[in-house]
Each structure stands twice: as structure tokens, then as C-alpha cells.
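Counting in the numbering used here, the sequence shown runs from 168 upward without gaps.
Virtual Cβ for every residue (Gly too), placed ideally from N, Cα, C.
These figures come from a predicted structure and were not determined experimentally.
One structure below.
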Amino acid sequence: MDLRSELLKSIWYGFTALDLEKSGKVSKSQLKVLSHNLCTVLCIPHDPVALEEHFRDDDDGPVSSQGYMPYLNKYILDKVVEGSFNKENVDELCWTLTAKKNYQTDKNSTTVLPERDAFQLWCLFNFLSEDKYPLVMVPDEVEYLLKKVCMAMSIEFNCVELEDFFSQDSVQQSGITVWVFLEMMNSGKITRGIDKSIISMAIEEAYREIVGDVLKEGYLWKKGQLRRNWKERWFTLRPSSLSYYTGEDRKDCQGNIALDGNCCVEVLPDRDGKRCMFCLKTLSKTYEMSASDTKQRQEWTTAIQTAIRLHVEGKKSLHKDLKLKRREQREQRERRQQSKEEELQRLRALQEERERKLEELELLKEAQKQAQALLEQDEQRRRQQHEQLQQALEVQLREAEEARVSMQAEMALKEEEAERQRKRIVELEEMQKRLEEALQQEIKARLDEEAFRYAQAGLLAEEEDKMKALMNLQEEQEEYILKTQREKQELRQEMEAKSQALEEAQRQLEEVRANRHRVDQDVVAAQRKLRQASTNVKHWNVQMNRLMRPIGPGEKRPSLGSSFSAFQIPTQRDPGLRLRRRSDSEGQDEESKENVDNRAGCDLEKRHSHTSNGDMDIP
168 MDLRSELLKS IWYGFTALDL EKSGKVSKSQ LKVLSHNLCT VLCIPHDPVA
218 LEEHFRDDDD GPVSSQGYMP YLNKYILDKV VEGSFNKENV DELCWTLTAK
268 KNYQTDKNST TVLPERDAFQ LWCLFNFLSE DKYPLVMVPD EVEYLLKKVC
318 MAMSIEFNCV ELEDFFSQDS VQQSGITVWV FLEMMNSGKI TRGIDKSIIS
368 MAIEEAYREI VGDVLKEGYL WKKGQLRRNW KERWFTLRPS SLSYYTGEDR
418 KDCQGNIALD GNCCVEVLPD RDGKRCMFCL KTLSKTYEMS ASDTKQRQEW
468 TTAIQTAIRL HVEGKKSLHK DLKLKRREQR EQRERRQQSK EEELQRLRAL
518 QEERERKLEE LELLKEAQKQ AQALLEQDEQ RRRQQHEQLQ QALEVQLREA
568 EEARVSMQAE MALKEEEAER QRKRIVELEE MQKRLEEALQ QEIKARLDEE
618 AFRYAQAGLL AEEEDKMKAL MNLQEEQEEY ILKTQREKQE LRQEMEAKSQ
668 ALEEAQRQLE EVRANRHRVD QDVVAAQRKL RQASTNVKHW NVQMNRLMRP
718 IGPGEKRPSL GSSFSAFQIP TQRDPGLRLR RRSDSEGQDE ESKENVDNRA
768 GCDLEKRHSH TSNGDMDIP
């Protein structure tokens, strides 16, 4: 039984305690609290968001144990590290939850167990219970636990009380629950007349031995390693270690001896005033100890050897191993019992089969007698029938002889008739052959006629298809002719329209050429006037320059005609005049473009534009 199984047993009680309505489901708010407390006692970090994410599809509804198990395994038990927490804290948490709901006793009764004893018995029950839910403990384990408690109290266990308890209810034959077990312990049937303190000490000892894995406890004298003096210590032996304390309360631990396969225990002779000595040897040290008597030394050496053996075999707990062995023995016993029952059933079946066969044998004998009687009756009846048949056969033989004679005469007649029939048959066969030949010739002629008909039908169908194709071609030709005539008419109209447009474009082109000629003449006249004006301006500028010069001594006064030389006539290179002339030329281009038809084309427009631009370019 691993750590996860032990924790699940305790957590199962906590979960069922929260199921107040016994519906198998617990609310998410209660599971949050339970999960947080489990993370606290197990010393692992708690993730409050994980529960909401895990049960996101369940909204706020309750969660069953099957639904809570994946979350418990993934977010809690998978993070548990053995040895990092105290399992007793987990048990106390789950016991607190389940005891409030299920452990209800009469507080005034003198037989009620203390709370600590009930908790320890609950832990012992979980340890020894079967690994099936709901948890129950079989009668053999109950007897084993009660024997341990009685042995700790140094009393003899009374099996009669336990047998009476189990015989009261047939359901309890397969096992009892923990609450029935605690009720039995509280009834006082097992511990009648024993002081409560002794019962508590016995339960504590059984708890520490079975649940706490304590193989043995007690006082021993130990020799120091440095001072070499002897001191009395309280020793606690577990499968992996031997610890010693200053007192029985186990509060002050003085040392811990790790046990492994390299350790061994030896008995020592008495010396230094100590008797019943033995030593525990490890790889690094040798520990000498002294028991109170030889029996105690034997018990301690045996217990230490058992702990070393368990460690070598890889087993962490003696009682877990013993529990598994007891379970195997029970299973073997149950198998043997089952095999015995099966054998008994088989023997009973064989006995019943034998009795049935004897009965069948008697019936067969009776039937044989009846059959013998029937056979005798049948034999007598057959004799009578045989005599009757013999007489009838004699009569029939006489009749048959007479019939034979008549049949011979008839046979002769039949043979003659048969000869005539054979000749007739030969003639009919010859006639049949001739008819078959004629029939074959007729069939061949009909096949040839059918083939000719098929060929003629094919030719007719082909001729009809060709006729249809010819008609279609004729219709298409007529449509094409009509379409061609319409297209010719449209082309003729379009050509006439284009001819008219071309004539109009030529007329407009002549007008544009005449206008361009007039404009060229105007431009030549303007250029002539500009050249004359330029000559005059130069003359007046010379005269003006002469007037503007200062008169020196002995120089003549210039004439008044030169005073107008400052007035300048704009030349043909003047920007204002050039812009005006360019705008006039552009206006003339736009007017000429509007008069030319678009269909007359781009060639006339380009030629006109090139001509006009060349004429208006003033150097």
C-alpha cells in the first residue's frame, strides 16, 4: 500500500463527510476549503484558480467524487513529497471532518472512548481496511487488531465475543465499517472491566506499532562514543532507523542510527558491570547497548535484524508487509474454500447424476420388460400375419401363373406391334432430318433478311440525319446571307456618313488654311512695323544719350531732338508682346480644332498644330 492509497483513504472520509445529503456530490465552495486545508497540511502550494478552471463546465453545481478525483490527483497528490509533511496532521484534518457527522456517542456513558483513542482506532482501521470503497475491515483484520490491543493490555483475547458480534448480522460477515467498529469498542464487550488509562496506553502502543512503523520501543543502556560512559536512553526502532531519546516522551532526540544492509547486530559478553550486552555495527561506528534481561536482549536483536532485513528487501513497513501476507493467506484460504465448495458442488452434481442414472436404469429395466412383452405380442402377431400372407401368396401365385400365360400371348402380339413401330420410327426420323434441314435454311434466310433490314434502316437513318444537317446548313446560310446584307447596308450608310464628314473636314481645313494665310500676312506686316520701330528707337536712344552727357568746355549744345531718346518702343523680344501673340495663336488653334471633325483625324490636327506653332514663333 503506497502513500497515495493511504492519503486517499483519509481524504475519502473527508469528502463523504461534506456530502450532507448523501447524494455523492459536494459543493465547489466546500471543496475549495477542503483543498486549501489539504495543501496546508501536505506542505504544498495551493492554487485557488486551478479548481475553478478544472470545473469550469460545472458552473456552481456540486461535484461528485469521480469528478473531484482528477483534480485531487493532478493538483494535490502529484505534488506530495514523502517525508516533507506529517501524515498524522492529514489524518487529524479528515477525522475532524468525518467525526462531527458520523461519530456520535453518549457523552454521559462511562464506556465512551476518549477522542484521541477514537482517532487512533480510526487510523488503525484505515491502515488495516481493504483497498475498496466504501472502506471495510474484514473479520480477520478486526481479530488481528483486537489481539494486538489485548496483548498490549496483557490480557487474553476472547474470540467468543467477536464471533457473537459478527453472528448477529449476516451482512457483517464480509466486513464492518469504522463506525460499527468504534461502536463495538464503545460497547465495552471487549474491554469490560479494564481501566480507561490502560486501554488508552494499549491503543497508543498498537497505533505506534502499526501506523507509526515502530518495531520496538523501550529503555536500554547505551555506551557513549566519546566519554565511554553508560546512560539509559529510550530507544525507538523503525525499519530504516534506530532513534534514542532522553525520556519516554520522545521530546529530546539524542541520536539517530541509520540502518542498511551493511549493519549487523552481535551479542557481547558481560563486562564493565553490565550484562545482557549486544552491539550494533555500521560502516562507521559500533554502538554498544545493554538490556535489562536476556529476553529483552533477544527481542531487541531480533527486532533490529528484522529492520535490517526489511531495508535490504526494500520494504518500508513491517505491518504493511504482514498485511499483504495476511491478505494473500486470506485469498489463498478463500480460493481453497472456493475450490472445496466447487469440489463439493461437483461431487453433489456427480451424486445427483449417479442417482439420476440409477433412476434411468430402473426406468430402462421397466421399459425393457414392457418391450419384451410387446415383442412377444408382436412376434405372435407377425406369425399370424405370416400365415395369412402365405395363404394370400399362394392364391396370388396361381393367379400369376394364369396371368403369365396370357401375358406371353400378349407379348407376341406386342412384339409384332413393336416391329411395326420401329419401322415407323425410322421413317419419322428421316422425315425429321429433312424438316430440320429445311428449318435451318429458312432460319438462315430470315437472318439474312433481318440483316438487310437493319442495314436499310441504318441507311435511312443516316440519310435522315444528313437531310437534317443539310436543312440546318441551309437555314444557317439564309441567316448568314440576311446578316451579310444587313452588315453591307450598315457599312454603306457608315461610309456615306464618313464621306460627308470627310468633305466637311476638308472644307474646314480649307477655311483654316485661308485663315492661316491671312494671319501670316498680318504677322509679316507686324514684323515689318516692328523693325521700323526698332530702327527709330535706336535712333532716339542715340540722341537721348547725347543729350544726357554733361557739356564740357568747348563742346556744342546738343539738339533738342535727342530729348525723346528716353522713350523706348518695345521690340519684338518684349515678353508682354510675346505673351499676347502666343495667346492669339492659341485662340486661333482652338477655333481651328473645333471646326475640324473628329473622324477626319488626328493627322490633320497634328499638321495644323505644327504649322501654326511654326508660324507664330517670333525670334
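Open item on the list: Let me check understanding here. Comparing Cα to Cα, which of E282, E630, K398 and Q499 lies closest to K363?
Closed with: E282
Task: Opening and closing residue of the alpha helix (DSSP H) in which T183 lies - done: L170 to L185
Open item on the list: Check whether the stretch 457 to 467 and the stretch 476 to 495 touch, using three or more Cβ-Cβ pairs below 8 Å as the test.
Closed with: no
- [ ] Decide if the stretch 348 to 365 is in contact with the stretch 432 to 451; the criterion is three or more beta carbon pairs, one per stretch, under 8 Å apart.
- [x] no
Open item on the list: What would DSSP say about R400, mapped onto helix, strand or coil?
Closed with: strand
TODO: With distances taken Cα to Cα, identify the nearest neighbour of K246 among E569, C206 and K268.
DONE: C206
Task: Residue interval of the alpha helix (DSSP H) (run including I377) - done: K363 to I377
TODO: Reducing DSSP to helix, strand and coil, say where F252 ends up.
DONE: coil
TODO: Go ahead and label H553 buried or exposed: buried means 16 or more other beta carbons lie within 10 angstroms of its beta carbon, across all protein chains shown.
DONE: exposed
TODO: Whole angstroms is fine: what's the gap from S729's alpha carbon to N682's?
DONE: Caution is warranted here: a pLDDT of 42 is assigned to S729, below 50, making its placement in the model unreliable, and the coordinate value is therefore given only provisionally. Going from the Cα of S729 to the Cα of N682 covers about 43 Å.
- [ ] Using a threshold of 8 Å, state whether the C-beta atoms of D258 and S177 are closer than that.
- [x] yes
- [ ] Examine the Cβ distances between the stretch 445 to 459 and the stretch 378 to 391 and report whether three or more of them are shorter than 8 Å.
- [x] yes
Open item on the list: Which residues does DSSP list as the beta-bridge partners of S408?
Closed with: A425
TODO: Put M320 into one of helix, strand or coil per three-state DSSP.
DONE: coil
Open item on the list: Within a Cβ cutoff of 6 Å, which residues of the same chain sit near D186, ignoring the five residues on either side of it in sequence?
Closed with: V193
Task: As assigned by DSSP and simplified to three states, the class of I648 - done: helix
TODO: Spatial neighbours of A628 within its chain, please: CB distance less than 8 Å, with the 5 preceding and 5 following residues excluded, ordered by chain position.
DONE: none
Task: Enclosing beta strand (DSSP E) for E433 [first to last residue] - done: C431 to L435
- [ ] Would you kindly work out how many angstroms separate the C-alpha atoms of V381 and R375, rounded to a whole number?
- [x] 6 Å
Open item on the list: Just to confirm, is the Cβ distance from G391 to C261 under 8 Å?
Closed with: no
Task: In DSSP terms, what K633 is bridged to - done: Per DSSP, none; premise fails for K633.
Task: Neighbourhood of R442 by C-beta distance below 6 Å, restricted to the same chain and skipping five residues each side - done: none
Open item on the list: At the level of alpha carbons, what is the spacing between Q618 and E630?
Closed with: Residue 618 is actually Ala in this sequence, not Gln. C-alpha separation (whole angstroms): 18 Å.
TODO: Would you mind giving the Cβ-Cβ distance between G342 and V305, rounded to the nearest angstrom? I have them listed as a contact below 8 Å.
DONE: 5 Å
Open item on the list: Going by DSSP in three states, C443 sits in which element: helix, strand or coil?
Closed with: coil
Open item on the list: Bridge partners for E384 per DSSP, in chain order?
Closed with: T403
Task: Meets three-Cβ-pair contact criterion under 8 Å: the stretch 313 to 326 and the stretch 398 to 406 - done: no
Task: Inter-residue Cα distance where the pair is Q139 and Q544 - done: Given a span of 168 to 786 for the chain in the structure shown, any question on residue 139 remains unanswerable.
- [ ] Within its chain, find whatever has a CB closer than 7 Å to the CB of I648; leave out the 5 residues flanking it on each side and keep chain order.
- [x] none
- [ ] Determine the burial state of H203: buried for a count of at least 16 other Cβ atoms within 10 Å of its Cβ, exposed for fewer.
- [x] exposed
Task: Counterpart residues of Y454 in DSSP-defined beta bridges - done: L447
Task: DSSP state of F734 mapped onto helix, strand, coil - done: Legend: pLDDT at F734 = 40, less than 50; position of this residue unreliable, no value from coordinates given.
- [ ] Pick helix, strand or coil for V193, following the three-state DSSP scheme.
- [x] strand
Open item on the list: Contact defined as beta carbons within less than 8 Å: I believe F348 pairs with V309. What is the distance between those atoms, to the nearest angstrom?
Closed with: 7 Å
TODO: Kindly indicate which three-state DSSP category K482 falls into: helix, strand or coil?
DONE: coil
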